[in-house]
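When you number the sequence shown by my numbering, it's gap-free, plus one each residue, and the end is 1001. Even glycine gets a Cβ: it sits at the ideal position worked out from N, Cα and C.
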Amino acid sequence: MEWALTLAAFVIGGVFGYVSHTLLAKNSRHKSNNEQLEQTQLELSQYKQEVSDHFDDQFKQLAELTAQLNKVNQQWNNAAPVFTSPVTDKKLPELATKPLEVTDKANTENALGGIDNDVKDKVTEAA
C-alpha cells in the first residue's frame, strides 16, 4: 500500500509540476513579447520624429532660400533700369512661399512640386 501511495504522490507531483511549468513559461513568453513590442514602438516613434524634424528643417531651408532669391530678384529689378535702356523693361518674378503642414512624404513632394510649378509659371509669364 505504501508503494501505491508513493507512486500516486509522484504522479500527482509530476502533473502539478508540468502544469505550473507550462503556465510560468507562457507568462514569461508573453512578458518578453510585450517588452519587445514596447521597444519596437519606441524605436518607431523616435524614427517618425526624426523624419518629421528632417522635413521641417528642409521646409525652413527652402523658405529661407526663397526669401533670399526674392531679395536678389528685387535688387536686380531695382538696379536693372540703371544699366539697361528704357526699352527693355523685363522684371524677374517674385517667388511665392506656401505654408506647409508636413505630415508625410507625399504631401511634402506635392508641396515642393507646387513651388517648382509656381516658379515655372512666373518665369514664362515674365518672358
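8 Å contact criterion, which Leu916 and Asn944 should meet: CB distance rounded: Their Cβ separation, rounded to whole angstroms, is 42 Å, which puts Leu916 and Asn944 out of contact at 8 Å.
Going straight from the alpha carbon of Asn947 to that of Thr940, what length do you get? 10 Å
Could you please give the first and the last residue of the uninterrupted alpha helix (DSSP H) stretch that includes Pro955? In the DSSP annotation of this structure, the continuous segment of the alpha helix (DSSP H) that includes Pro955 starts and ends at 876-957.
Since Thr958 contacts Ala937 with CB under 8 Å, what's their CB separation in whole angstroms? With 8 Å as the limit, Thr958 and Ala937 do not qualify as a contact, their Cβ atoms being about 31 Å apart.
For Ala899 and Ala878, I'd like the C-alpha separation in whole angstroms. 31 Å
From Lys905 to Phe890, what distance separates their C-alpha atoms? 23 Å
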